[in-house]
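Chains as they are written, first to last, in our numbering: chain A, 1 to 731; chain B, 1 to 206; chain C, 1 to 178; chain D, 1 to 298.
No residue lacks a Cβ here, since even glycine has one placed at the ideal position from N, Cα and C.
Worksheet: one structure, shown below.
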Amino acid sequence: MLESKISRRGFIKASATTAALASAGTVGFQSWTSEYVKAGGQTKITEIPSTCNGCSSKCGIIGHVKNGRLWKLSGHPDHPYAKGKICARGHGYATLVYSKERLTQPLKRVGSEKFEPISWEQAYKEIGEKLNAIIKKHGPEAISLTEDPRASGKIYSPRFLHALGSPNYYTHHVVCSNSRDAGFFHTLGVTSTSADISSSKYIMFIGRSYGDAIRPSSVQSLVEAKENGAKIVMVDPRLNNTCNLATEWLAIRPGMDLAMVLAMSHVLIRENLHDAEFIKNYSIGFEEYSKELKKYTPQWAEKLTGISADTIERIAIDMGKAKPKALIEQSWRGAFGCNYENSTETGRAVALFNAMLGNIQQKGGSIITTKPELGKLDPVKHPSPKEPEFKKAGQDEFPLAYEEQGVATIVAKLAMEGKMKAAIYNHSNAALGYGNPKYMKEALSKMDLVVTIDVQMSETALLSDYVLPDVTYIERDEAVEGLSGKTPGLALRQQMVEKVHPKTKPIDIIYTELAKACGIGQYFNFTLDGLNEQMLAPTGVSYKELREKGVIMFEDKAIVPGTMPELKTPSKKVEFYSETFKKAGFSPVVRWVEPKVSPSGESFRLITGKQAIHSHTQTANVPILMQISKDYDLERIWMNPARAKKLGIKDGDMVEVKSSEATSKVRVKVTERIHPEAIFVPSHYGITSSYLKTAKGIGFGFMEHVPFDFEAWSGAGNIHEVIVTVRKVRS
Amino acid sequence: MDQQDEKKLHTANLFSMLAELYKDPDMEFWNDFCNNKLLDQIKEELSLYGETAQWEVTDIPTEFSSLKKMYADSLGSQGVAIPVESLYKQWTADPSCTLPFAKSKGYLLGDPAMHVKFILNEFEMEIPEEYKSTPDHLAVLLELLSYFILHAPDEFTFHFMDDHFDWLEEFLLRLAETNSSPFYYQMTKMLERLLEAVRKEYIIMA
Amino acid sequence: MARYGMMIDTRKCVGCYACRVSCQMQNELPVEESFIHFYEKETGVFPNVKNEIIPVQCQHCEDAPCVSVCPTKATYTTEDGIVLVDEDKCIGCKYCMVACTYGARTQSHKTGVVEKCRFCAELVKEGKQPACVSTCISNARIFGDLDDPNSDVSKAIVKYNAKPLRPDLGKSKIYYVR
Amino acid sequence: MIWGTIIAAYLFLAGLSAGAYLTSSYVARKYPEAKAVRITGRIISPVLMAIGLLLLILDAEAGLKHPLRFIYLFTNFNSVMTIGTYFISFFMLAAAYTALMEILKKETNKYVEYAGMLFAVATAIYTGFLIGVVAAVPIWNTAILPILFVVSAMSTGIAGTMLVASFYDSKAVHRMLGVKKIHLGLLSAEVFLIFTMFLVTSYSNESAAESVATLVSGEYSTIFWIGLILVGLVLPIAVESFELYNDKKMKETEAGIMMAAAGQGGIAGTLVTESSVLVGGFILRFLLLAAAVPVPFL
């Protein structure tokens, strides 16, 4: 008789009746499949409203779920960004849920790019111990946390950090909109306005392209404006895809946007087309600014921008005449989110130009948005951790940077100096996207503890000591999200399917459990549902109702055009003259600032931008999206034919792009659509993590060429201050 | 006990031992594995199937750490070939599904997994939590097969073999890509041959 | 009987590829195969440049060369004017691909059958819009009955003076605003 | 290239097969003593057609997976391919019958042979019309193309038959001056047709001009000039002209007449010319498929 020496570890558990049931058998796969498919018609499909995570817009989506699996996605008709539509990314990103290239269990690094699976308990214990050891030795100011914020993260991440006693909470804005935010915040009291595009008559975009960084409603509003006969001017060194909808393209020299806005402001005053009434009632310091503007004539700007003085004059005058239904769109990264040394000042000049048009809070103008009033956790039952005793690192160096967002790359700089000892990265590929990857890698290696929370093995995760697997957005509930806009509203991300990988966890749970391991569990004595109930309390909307609808808009609380709110600037007015800037050591009025570097006759400025099918680098590994890049060679750099000819480069040739930081090989798209001084490279490629098999090896990473740097005003990444040379090489 | 039943016992035992090989190796497993204990037993049982199940392993790990590494490089979640059926088959046959990957290979919890879930439900069986997203993992499939050989009607067992092991060829192609040890490739090659031999016997029985 | 057609306003197309992706999903295509192809037409010299993005798919020609050359009658025109492929009849000879003016046909790697845009016939039957139309971010696509002068598509074609890509080459049923 | 090498080979083999059939019928009447040539033509004709058909089937992937679908090939009378399918079927039947009779050493029914000749011509024309009716590709869409294909079919047919036959009976091959003259005429006509077609189409159409440009000066110019014009046409024209000239000269001397009667010219010349004609015939079809530039629609 057979007697196995091997101890049986069989893990299938049979119930008492299994043997009996098994002896009767059941249906095989083929007949099961046909039954399954046939029955599919009658199977109940649950529709769960939620929000997309394909990009930072978080459009409303509806997940259709069948037999416990995700089945279909559609746009949420009520969501103000989606308006019932989903873009290519939104469809494609859902692939992530069932992807095999996900993080499935907590990992501990045991060598260079080598990891060992560990239990959550071990991960929590070790991370907690290390954090506490660092706090003991270096103080809580040596700990930082950075994220690309989502609804839950916005609440849990800073709370966790504050509970540890550290103020060092950062967001991705350092390579997004830090400059614009600083410029706007100190001028209008908000980091951004919202453009009332569809009602506007004259719209100028500076580097921003609705068609390349899509939010369905934005594109629709621009189409609407065009149908209504609005003038749409696109200021961009490259003819971006939105130019189809534009009436005019101004092919500006990269980095010179400030000169153009200053000259247009000059013309506005010269022609007496500024809104004197608005300026008188709602602003301070206009005199000083207008004095400064005197020297910025269109002729002066023509030399810098390459745009004729006539054109600048014509547009400024036309915009002045169309006011207040005329505006410069505020943009995000665009051309002045974090691009040049003069970007903060460009942001300020744009905000001020809009103010001069008197378009603030006007139909067809710039809207200071409103947000729903959300509740907070009960301070008695769930006391908040006390405010950290220290200032956020980077605040001394960059006092103008918007405090809530901070300057995330300061973490790397301080790590290099040995002052920052721990960094937690949540939903953030900082090592590839925030600063020069070589610099970031070295900086991360200098810290005692790096923890990454993500769904994929990103480049940052690869450099981390611990990698904690998040669930995807399809598999999690999140905190209630307040939608700000002309009409305030609420949106909710909800779990559509049970989590695929049992050992993944949503961040609310990760923080709650990690907090316990760190000895600060008392600050997380609530559940996500409990938090949401309390957040919703003042809105009059029940959690149940929000769960059913996914999106609720407060139409009755919509902004009434024409009423100017009290601004959150020190003077409570628009600040043409800023004491804050003066205190920080900068000119109190906007002045022309040269970009840091400029190309010679031989070299180029490397500029970047988005493509409609990708979102940063997070969608690069999605096969259905990356295939489009492959089919249309979208990873190529753009070069003007005049320059290409001189270099002996033809369309499709392989070239070497060389900067002070790196050398890359890539193919060229020779096109009239780009300024001769610039090379354009899309910012979605150059994935190096071998865990991301679809994405790896396609194109090059823009940031590899960007020297690690801070813009003096806002600390932003100066991502366009890059000079490269290009030469043809064999492929 | 008749001859056929005894052979079934051996075969079932063989599959359950093979199932062990596809699980993430732990210390307990290593104790059974080291000094060729497990492989010798498998070899012994394989003699039942004569030449069809002939088999050669060239690179038997002698250290627990090297076995662990081999597993991670070959079958682990970052290995060249994850032994999960859904990854090698079209995700779903349902034409109404409009997800971007509905007809693609390479995604978890596809129709094969749903079928295994269905079988587990029908038979009131349970598998460990960590296999929840992969009920069609080779280790689970082999254990189920082992169980069915002993407890289910032959026809059903035969169909189960037919339905859930037809992806091994593609799996082997992936395994062949490994730069690491050929150990798992050789094991799986043998498994494939063995399955074919067992399948043939079932055809005769039916 | 309706005579289905479409209008694509290229001036509104920003090349977001949403139509391609939703088409692939609706038609269960593998990622490498697509019924919608994008062409860029750049004209002028910097800085006076215009770039047109033109999505092209089967134009559902009334006198379709693919229908006449198909030796097996696998390609046929429905009563509603939609050109379809009966995949049970297609031998994959690719004569239709050779004959198509618009390069709108692709051969399935898996089955060898030649496929192309089907105006989402099954959705249209249910009174819905083809996937590319309903998904279009900028509403650049309008679909409907060309024979009905009151349909959105007919009205839009008149309003924008939309024209087929090559009216001289045959009666195709996708009209473009350029 | 939607239709590539396989279809080029199919078009080539179909023409070659038809040409070989016609050659053998001609030889049977004109040179009854040249049995080897007749038999060769009749045997290779169905064999080559069969290979061509196999290639066609191989290229039709969906049909290959579901062979029954090939029955539908006979259904659309608007399609040149359907009509061609009938032509080829009838031609195949006649050619196979003729070959069988030849093998069985039986008398061929002359009506069947006439039908075979008719469908051989039809098959050769069909290969031209198949791509000639494609309006989307202007270089194809001309009346000259079917004529060119027929001429090339005859010329490759002669070449193929002679080449194979020369292994069995090199004398007979040399004696058939009539065939040589026809062949020379066909080759010269081919050169004329190719350049006429290029001129006519490229003057009237931009896409066709682009096609012509890729052939004469672009991507395919090397293979066009060296492969098709030099090797496929000029070389055989030169060699055949030389042979015919020699022949004439020989007949003027006594020794020459004797030599010619003995057929001692050797087979080297035949091997070279006929092989190069075959190479040229295939290249012609390949190039025409490769250089297809569709009409612009943007």
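What's the C-alpha gap between B:Phe-15 and A:Gly-10?
11 Å
Could you name the residues of the same chain whose beta carbon sits closer than 7 Å to that of C:Arg-178, not counting the 5 residues immediately before and after it, in chain order?
Thr-10 and Glu-52
Do we get a CB-CB distance below 7 Å when we pair C:Gln-129 with the residues of chain B?
no
For A:Ala-246, three-class secondary structure by DSSP
coil
Closer than 9 Å by beta-carbon distance: list the chain C residues that pair up with D:Thr-5, in chain order.
None at all; the shortest Cβ gap to chain C is about 13 Å.
Leaving aside the five residues before and after D:Gly-263 along the sequence, list all residues of the same chain whose C-beta is less than 7 Å from its C-beta, in chain order.
Low confidence applies to D:Gly-263: its pLDDT is 49, below 50, so where it sits in the model is not reliable, and the reading given next is rough at best. The residues are Ser-170, Lys-171, His-174 and Arg-175.
Report the rounded CA-to-CA distance for C:Met-7 versus D:Leu-73, giving the unit in angstroms.
35 Å
Indicate the three-state DSSP secondary structure (helix, strand or coil) for D:Leu-177 in the structure shown.
helix
Can you tell which of D:Ile-125, D:Ala-95, D:Phe-91 and D:Lys-110 has its C-alpha closest to the C-alpha of D:Phe-119?
D:Phe-91
Verify the CB distance criterion: does C:Ser-68 have a CB-CB separation below 7 Å to chain D?
yes
Taking the alpha-carbon of D:Asn-205 as reference, which of D:Val-191, D:Arg-38, D:Ile-139 and D:Val-239 has the nearest alpha-carbon?
D:Ile-139
Residues sharing a beta bridge with A:Met-639, DSSP:
A:Val-670
Taking 8 Å as the threshold, find out whether the segment 681-693 of chain A comes into contact with the segment 393-411 of chain A through three or more Cβ pairs.
no
Compute the beta-carbon to beta-carbon distance between A:Val-467 and A:Pro-106, rounded to the nearest angstrom, for a pair I have assumed lies under 8 Å.
7 Å
Starting from A:Arg-180, trace the alpha helix (DSSP H) in both directions and tell me its first and last residue.
178-188
Could you tell me whether the Cβ atoms of A:Glu-677 and A:Arg-333 are closer together than 7 Å?
no
Is it true that the CB of B:Ala-81 sits closer than 7 Å to the CB of B:Trp-91?
no
Does A:Phe-733 come out as helix, strand or coil in the three-state DSSP assignment?
No statement about residue 733 of chain A is possible, as the shown extent of chain A runs from 1 to 731 and does not include it.
If you measure from the beta carbon of C:Tyr-17 to each beta carbon in chain B, is any gap under 7 Å?
no
For A:Thr-725, the nearest candidate out of A:Ser-689, A:Glu-656 and A:Gly-701 (CA to CA):
A:Glu-656
Would you kindly work out how many angstroms separate the C-alpha atoms of A:Tyr-202 and A:Glu-313, rounded to a whole number?
15 Å
Where the alpha helix (DSSP H) through A:Pro-117 begins and ends:
Unbroken run through A:Pro-117 is the beta strand (DSSP E), 114-117; no alpha helix (DSSP H).
Would you identify the three-state DSSP class for C:Glu-42, choosing helix, strand or coil?
strand
Is the segment 129-141 of chain C in contact with the segment 36-44 of chain D, if contact means three or more CB pairs nearer than 8 Å?
no
Look at D:Ser-152 and D:Leu-55 and say whether their C-beta atoms are less than 7 Å apart.
no
Within this structure, are the beta carbons of A:Val-590 and A:Glu-302 separated by less than 7 Å?
no
State the DSSP-derived secondary structure class of A:Leu-468, mapped to helix, strand or coil.
strand
Determine the DSSP secondary structure at C:Gln-107, reduced to helix, strand or coil.
strand
If you run the structure through DSSP and keep just helix, strand and coil, what is D:Val-137?
coil
Does the CB of B:Lys-132 have a neighbour CB from chain A at under 7 Å?
yes
Give a yes or no on whether 7 Å exceeds the smallest Cβ distance from C:Glu-28 to chain B.
yes
Should C:Met-97 be flagged as near chain D, meaning a C-beta pair shorter than 7 Å?
yes
Alpha-carbon spacing of A:Lys-438 relative to A:Leu-463, whole angstroms:
11 Å
Reference C:Lys-12; option with closest CA among A:Ile-559, A:Phe-398, A:Asn-241 and A:Ile-507:
A:Asn-241
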